[in-house]
Amino acid sequence: WETTSDPFDISLSPAAIDMYRTYGLLPIGDTVRAGTWKYHWDLETKKRWYGPFGGPDSEIGWAIYIADLRRKMMELERAVHDYSVPLTLRYPPKPSGEQVVPIINSIINDKRASYQVNVLNFGSIPGVKDDIAVEMPAEIDGRGVHRRSFPQLPSKILKYAIMPRIMRAEWSISAFMEGGRDHLFEWLIVDRRTNSISQVDQVIDAIVRMPENGEMAKHFK
Numbered sequence: 002w003e004t005t006s007d008p009f010d011i012s013l014s015p016a017a018i019d020m021y022r023t024y025g026l027l028p029i030g031d032t033v034r035a036g037t038w039k040y041h042w043d044l045e046t047k048k049r050w051y052g053p054f055g056g057p058d059s060e061i062g063w064a065i066y067i068a069d070l071r072r073k074m075m076e077l078e079r080a081v082h083d084y085s086v087p088l089t090l091r092y093p094p095k096p097s098g099e100q101v102v103p104i105i106n107s108i109i110n111d112k113r114a115s116y117q118v119n120v121l122n123f124g125s126i127p128g129v130k131d132d133i134a135v136e137m138p139a140e141i142d143g144r145g146v147h148r149r150s151f152p153q154l155p156s157k158i159l160k161y162a163i164m165p166r167i168m169r170a171e172w173s174i175s176a177f178m179e180g181g182r183d184h185l186f187e188w189l190i191v192d193r194r195t196n197s198i199s200q201v202d203q204v205i206d207a208i209v210r211m212p213e214n215g216e217m218a219k220h221f222k
């Protein structure tokens, strides 16, 4: 991690190991990028926990990600207009590693296989309500998704990681369903980056006054 050239290479970063020691299970995937403000106070903090780029969500890491996207788009545009080489030679028709097409194949052709999916919990993970969407490994075939059962999560994971995220999800749903500026205010007033009420008002005003957010402005006035 100290010499990585990829901001996303954080699977065994100090942050991941620290979360393992703190919560009792090793985080995988995007979970490593989360955690508390302990890992995200500023760029130097991010570098300490995620390596020389500060992880994918720092100002350095995200700039590299955006630059790579632009490079790939430019390469694709050049390839589309270069009729001398078939696109299938530049981009061979092979599985990408994404799950969408294989899942469709499992459902339509009844080819049972294991996937990482987002489904309602329905008792699979003890301590999490049934109507909460969770990401879990599951079997899929022509009859649908077959959830697995999992052991009880460590108490620290439930109390300090899962439940706070569920509460933020509830805030989001309430804000979307009910509207009103007060929902946005309550969300921002507990953000550690907030230092005054006037700052909260300025942030909300700046967002809802963007030309593309006309409907949002009406919903949250």
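Per this note's numbering, the sequence shown starts with residue 2, numbered consecutively. Virtual Cβ for every residue (Gly too), placed ideally from N, Cα, C.
Which residues share a DSSP beta bridge with residue i?
| i | result |
| --- | --- |
| Met217 | Met217 pairs with nothing; no bridge assigned. |
| Ile141 | Ala114, Val146 |
| Ala134 | Leu121 |
With DSSP collapsed to three states, give me the class of residue i.
| i | result |
| --- | --- |
| Ser107 | helix |
| Arg17 | The question names Arg, but residue 17 in the sequence shown is Ala. Residue state, collapsed to three classes: helix. |
| Pro165 | helix |
| Arg193 | coil |
| Leu174 | The sequence shown places Ile at residue 174, not Leu. In this structure, Ile174 counts as helix in the three-state DSSP scheme. |
| Asp183 | helix |
| Val86 | coil |
| Ser59 | coil |
| Lys39 | helix |
| Gly30 | helix |
| Thr5 | coil |
| Asp10 | coil |
| Met212 | A small fix is needed here, since residue 212 is Pro in this sequence, not Met. The answer is helix: DSSP assigns Pro212 an H, G or I state. |
| Tyr66 | helix |
Going straight from the alpha carbon of residue i to that of residue j, what length do you get?
| i | j | result |
| --- | --- | --- |
| Glu216 | Ala176 | 14 Å |
| Arg71 | Ile174 | 34 Å |
| Arg144 | Lys112 | 10 Å |
| Lys1 | Thr32 | With the chain covering only 2 through 222, there is no way to say anything about residue 1. |
| Ala162 | Met20 | 10 Å |
| Ile1 | Ile61 | Coverage of the chain is limited to positions 2 through 222, which leaves residue 1 absent and any answer about it impossible. |
| Gly98 | Ile104 | 12 Å |
| Ala139 | Ile65 | 34 Å |
| Asp206 | Leu185 | 11 Å |
| Gly124 | Gln203 | 42 Å |
| Arg34 | Ile158 | 15 Å |
| Phe151 | Thr23 | 21 Å |
| Met26 | Thr89 | Correcting the residue type first, residue 26 is Leu in the shown sequence and not Met. So the two alpha carbons sit approximately 43 Å from each other. |
| Ala80 | Trp63 | 26 Å |
Use the C-beta contact count for residue i: other C-beta atoms within 10 angstroms, 16 or more gives buried, fewer gives exposed.
| i | result |
| --- | --- |
| Ile141 | buried |
| Phe221 | buried |
| His147 | exposed |
| Gly101 | In the sequence as presented, Gly is not what sits at residue 101; that position holds Val. Looking at its Cβ environment, which holds fewer than 16 other Cβ atoms inside 10 Å, Val101 is exposed. |
| Ala16 | buried |
| Trp42 | exposed |
| Val86 | exposed |
| Gly36 | buried |
Practice problem: Flag this pair as touching only if the stretch 54 to 73 and the stretch 7 to 14 have three or more C-beta atom pairs under 8 Å; answer yes or no. | Solution: Touching, yes, given that three or more Cβ pairs across the two stretches are closer than 8 Å.
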